[in-house]
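Residue numbers (my numbering): 722 to 820.
Given below as structure tokens:
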């Protein structure tokens with residue numbers, strides 16, 4: 722049950738992401754970022770391997786000349802990408818709820 726709630730929370734948060742992101746000198750649209758987040762978290766592309774989902778995320782973001790190995794390094798571009806989502810989640814939690 723907790724896993725489902727967490728998944729639903731992430732899906733809703735990703736759906737509300739509406740800022741372009743700049744990664745590796747490329748500015749990606751909010752839609753491309755949303756697809757990349759879903760791929761990297763395994764919400765989308767479950768038929769693909771983890772390297773396959775990473776490769777697809779890199780393509781969706783329009784980043785060229787970056788290998789999957791470069792992408793997934795500690796403190797690499799994958800972490801930077803997911804950092805945008807983490808910042809969005811934190812900002813959402815700080816917003817007062819509408820009741």
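Using N, Cα and C, we set each Cβ at its ideal position, and we do this for glycine too.
- Rounded C-alpha distance that separates residue 751 from residue 799: When rounded, the separation of the alpha-carbon atoms in residue 751 and residue 799 is 16 angstroms.
- Integer Cβ distance of residue 731 from residue 762, believed to fall under 8 angstroms: 6 angstroms
- Message: Quick check on residue 748: does DSSP put it in helix, strand or coil?
- Response: DSSP places residue 748 in strand when its eight states are reduced to three.
- Query: In the structure shown, what three-state DSSP assignment does residue 742 receive?
  - Reply: Three-state result, residue 742: strand.
- Tell me the start and end of each unbroken alpha helix (DSSP H) in the region 785–811 that is at least 4 residues and wholly inside, in chain order. 789–792
- Message: The alpha helix (DSSP H) that contains residue 732, what's its start and end?
- Response: Per DSSP, residue 732 belongs to the alpha helix (DSSP H) from 723–736.
- Comparing alpha-carbon positions, which option in 735, 738, 779 and 812 lies nearest residue 793? 779
- Message: So, for residue 755: in the same chain, excluding its five sequence neighbours on each side, which residues have a beta-carbon less than 8 angstroms away from its beta-carbon?
- Response: 735, 736 and 738
- Note down the Cα distance separating residue 745 from residue 804, rounded to an integer number of angstroms. 14 angstroms
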